[in-house]
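Residue numbers for the sequence shown follow this note's numbering, so the first one is 94 and each next one is one higher. Where is the CB? At the ideal position from N, CA and C, for every residue including glycine. These numbers come from a predicted model, not from an experiment.
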Amino acid sequence: MNAITKRADACRQRVFMGGFHDGTIQTDGTPFHLGTSECALVEEALRKIEQGQSYLIHNPFPTKSLPVAFIASYAYSQNPSIPTGDGLPMLVFPASSQGYLGEIDQFHFSTTQKAKHNKTPLIPRHPIDALSEQGDRWGVYTAKSGFTFDHEHHDAPVGAVFVDLRKPEWSERNFDRIEEFCEEHPDVPAIFYTDEMGPAAELTEGRIESRTLHITNSVLGRAPPVEVETGESDLTTQERIITSGDIEILQFPVTDEGVGSLLPELIDLKNRCQNRDLAYVEVARVFNRLTKQPFKPIYWSRTVGANAFYDDVPGYIERIETRADNIGSGSDLLYTYARKANEVQGHLNDCHVLQNTVLDAIQRAGDDDAQSRFVVKNSAELDALRLAATDTGYAIPENVEIVERADVTPMPDVRYVFLYPPYADDYVYGFPPSKQVAFIHNALWSNYVRKSAASATEDISVSHNSTSIGRSGTVGDVEDHVFDIDTLESDIEGYLRTADFGGSPSSSASDGSASVKADDGSSTQSFLFQFGNGESRRFSPDGIVTIYEAEKARISRKKAKNVSEGEDVLLLNSVTGDLYDVLLESAHKREAVREHEQTVENWRGVLERGRAREEMEYSDVVDALQEHDSEIESWHTVRAWEKGRYIGPLDEGDCRRILHIFRPELEGILLEQIHEQVWKAMKHLRLLHRRMGRNVRRAVEAEFNPSTSAGFGGDINESMVRNISRDIERETVTRIARTDE
C-alpha cells in the first residue's frame, strides 16, 4: 500500500469525515465525493494543522474541489456538536472568483434537508471586512475585498487559516500583512494555496518549515484505479484518467507542399526582424496567424472585421509597412517580411491544407459513436472555423463539439482534438483531459508540441504517436513564448494598476520627525517629549512613536498626538539601521535575492543612463511618464527610484513606462519579458524588505521581553542582532509640551 492510499484510508477513518464519504453530507443535493488523492491531500493538511505547522500547496490544475475540501474538512472537524470538535473558527482569505465559497454554503445533510430547503448551511460562513469583525463562534470567516488588517482590535481565537494566493490582494498588496498576522499568531497553522510559484509562494516556501506539496500528475498517478462515483470532482476525474494507464497522445502534423517552399524564408525573415526588435508584436502575430490557425486567413478576417479587440493578417501587414515607412535602418527587412507574409496569405486563401484536414477529421469523427471535442483557442476562432465549415459545405456532426480552450474539462471517454499547438506551460500537456488527446497542427510546430507533451508526461504512463499528413517531415523547428501574444493587451491592462505594496522599513515615518509645515508655509503644532533621563525629543502630531507596553510585554506604534505621559517610549533611531543591515546582509547570502537585486539595479541603470543621455531633469521624467498616462506627480519619487531609496515604483505601469521611455527599441514580447522579470524582482524584494522590517520589531520585542523569541530562522546572525538590540533606549515620558514654531 503506497503513501497516497495510506493517507486516504486514514482520512476516511476520521469520524467527522464520515458524512462526506458516505454521501450523507451533500452540496446542493449532490454528494460531495472525495477521491483517493483528495482524501490523501486533506489528511496531509489536517495532520499539518494538528501539528501546528503551516503548509504550502502548489496546484497548477484548476479545480474548486481542493479549496472546498481543505476548508470544509477542517471547519467541520471543529463543529462543537461532534465529540472531537473544539469549536474553533477558521479564517479564510479566499479567491472569490474561483467559485468555491458558494459550494461551501450549499453543504447540508441529505437525511435532514432537501437542497431547496437549505436555509441554514451545514458550515456557518461569515463574510467580514476587517480582522476586528471576526467572532469567536464556530464557523468560517471569509475576508472580503478591501479587507482591513486592524490587528490591535482582533482578539478572537483562530484554529487555522487558509490563504488563497491566486488572489493578488493576498499575494501582493496585503501579503506582508498576512505574514505579519501569521507571525503574531505562531500557534495558528496556515494553509497557503497557489497555482504558480510566484514571489509570494517562493517567500512563503522559504519561511515555513514544512516541505511544499506540489500536486503533479505523478501525485495523482499513485492512487489506485477506481470506478466512477456520483459527485466526483474534476480532480478525481483527472485522477481516473491518469491512473487508467491507457492514455494516448496523438500528433497529426500537417505539411502543405505548396506553402512549404515559402515558410523557410518567412521563418528566417521573422527571426531577423525580431532579433533587431523591428515591429516585434506585428511580426509575431502575422506569423502566428499564418502558421497556427486551422482555417483560411479570409475566414478570420470575416469573423473579426467588426471586433476591435482582434486584428487580421492584412491589418498587421499594413501596420508593418507603416512602421517601415517611418524608420531608417531595418525598413527594407520589414518590407521584405510584409511581402513574403502577403504571399503566404495568398497561397493559404487559395488552398489551406490544414483547414481541409481539420474539416475532414471533424466529419470522420461523426462516423464514430464516440463523442469528440475539437478545441480552438477562443470564441473568435470558434466562429471562424464554423464559418469555414459552412462556406465549404461541411456540417458539424451531432456527436462533435467545437469548444474554446477555457471550456476544456476532464472527460475520460471523450476524444479531445486540439486544433492548434498549445503553449508549453499549458497544463493540458501534464493533465491530459481524456484517455485520447490529439493535436492537429502545422508541421512547423511538430517538435515544439512533441517536446512539450513528452516532458510534461514523463512520470506517468502515456503512449505518444505521430502520423504525418502530407509530405513526411517538417519544414522547420520553432520555439514559442510562454504567454499568448494574442491576448497581450488585455493581460497588461487587466493587471491591478492600483496595487499598493508600500515601501521598505527605511522609508517609513521615523521616530524623531520634526514639526511639519502647513499649506501656507507656516509651522503647525509639534510635541516636545521630556524623558526621565533629562533628554527631550520633538515629534510632529502625526509622527510615529514606538511604545513599549510592559504589562502586555508588547510593542506598538502610535501617533505622537495619542501618546500620554507615563508611557514608555523606545528610541530606535540609533539601532534600527544596524539591525536592518544585519538582516539585509543575511538575505544577500541567498543567490535568488542577489539575482533579484541585480535585475532591479539594471532597471535603475536604464533610468539613470537614459536620463543622462537625454539630458533630462527628474521633473522632465515626471512629464514623460505623465504623457504615458502615469499618475506620478513628484520628481522626488523618480529620484528615489534612481538612487535606490525606493525599491521601485508601486505601479506596475510605471516600471514598464521607464523601459518604454528610455529603451524605445524594446517592443512587444521582448519588452514584456524584460518588464515581467523586473516587476517580479521588485515584488520579491519589497515583500522581503517588509519581512525584515518586522524582524527588526521582533528583535526589539525579544530584547525587552525575555519570554519571547525573535526566532528568525535561516542564516541570520542572531547573536549580532541581539547585541545590537541591547543598545535600544527605553525612556518614560514625564512631560509632553505642545509648541508652535
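Residue i versus the options, residue with shortest Cα-Cα distance
i    : options                : result
P318 : D243, A101, G338       : G338
R823 : D661, N655, L159       : D661
E265 : A249, V493, G239       : G239
P176 : F109, L478, E143, I360 : F109
I216 : D222, L224, F200, E226 : F200
P503 : D327, S559, Q386       : D327
K528 : T336, D115, G232, E136 : T336
P505 : I221, I334, V185       : I334
L362 : V347, D349, V379       : V379
P357 : L537, P182, L447, R457 : L537
S147 : G192, G122, I284, A162 : I284
D229 : T485, L181, Q456, S174 : L181
E273 : G232, V233, L224       : L224
V308 : V699, L149, S190, S472 : Reading off the sequence, residue 308 comes out as Ile, not Val. Closest by alpha carbon: L149.
I340 : F755, E707, P525       : P525
G128 : V233, W231, E320, I221 : E320
D85  : E143, P261, V233       : In the structure displayed, the chain extends from 94 to 834; residue 85 sits before or after that span and is not available.
Y428 : E375, K470, R457       : E375
T156 : G192, Y641, P514       : G192
For residue i, the residue or residues it bridges with in DSSP
i    : result
R831 : F620
M183 : V233, A253
S559 : Q344
P220 : T235
E325 : H126
R75  : No answer is possible for residue 75: it lies beyond the span of the chain, which begins at 94 and ends at 834.
S337 : None; S337 has no bridge partner.
Q464 : Answer by DSSP bridge pairing: none, since Q464 is not bridged.
T825 : D661
Q529 : E341
Cβ neighbour criterion (16 or more within 10 Å) applied to residue i
i    : result
R702 : exposed
C444 : exposed
N626 : exposed
D404 : buried
Q691 : exposed
N449 : buried
P160 : buried
A294 : buried
E302 : exposed
A830 : exposed
D460 : exposed
Q106 : exposed
D425 : exposed
F202 : exposed
Beta-carbon proximity list for residue i, same chain, < 6 Å, skipping 5 on both sides
i    : result
T98  : none
S170 : F109
T330 : P503
N95  : R315
Cutoff 8 Å; reference residue i; Cβ partners in own chain excluding five residues on either side
i    : result
A531 : I342, L343, Q344, F345, R508, Y509, V510, F511
L383 : L359, P390, V406, A434, V437, Q438, L441
Cβ-Cβ distance between residue i and residue j below 8 Å
i    : j    : result
R100 : A138 : no
A417 : S130 : no
L475 : R395 : no
I420 : A431 : no
S633 : A653 : yes
T832 : S657 : no
Y520 : F113 : no
V406 : P390 : yes
P124 : G324 : yes
N152 : D288 : yes
L355 : E436 : yes
D248 : Y286 : no
V254 : A168 : no
W728 : C748 : no
E350 : G563 : yes
E745 : R697 : no
V693 : Y711 : no
I751 : V699 : yes
Close-in-space but distant-in-sequence residues of the same chain around residue i (CB under 7 Å, 5 per side omitted)
i    : result
Y373 : Q367, E760, G761, I762, L763
I553 : N310, S311, G314, I335
A546 : I342, Y522, H557
N364 : none
E322 : H126
beta-carbon residue i near the ligand ADP non-hydrogen atom, thresh 7 Å
i    : result
P390 : In the structure shown, the ligand ADP is absent, as is every other ligand, since no ligand is present at all.
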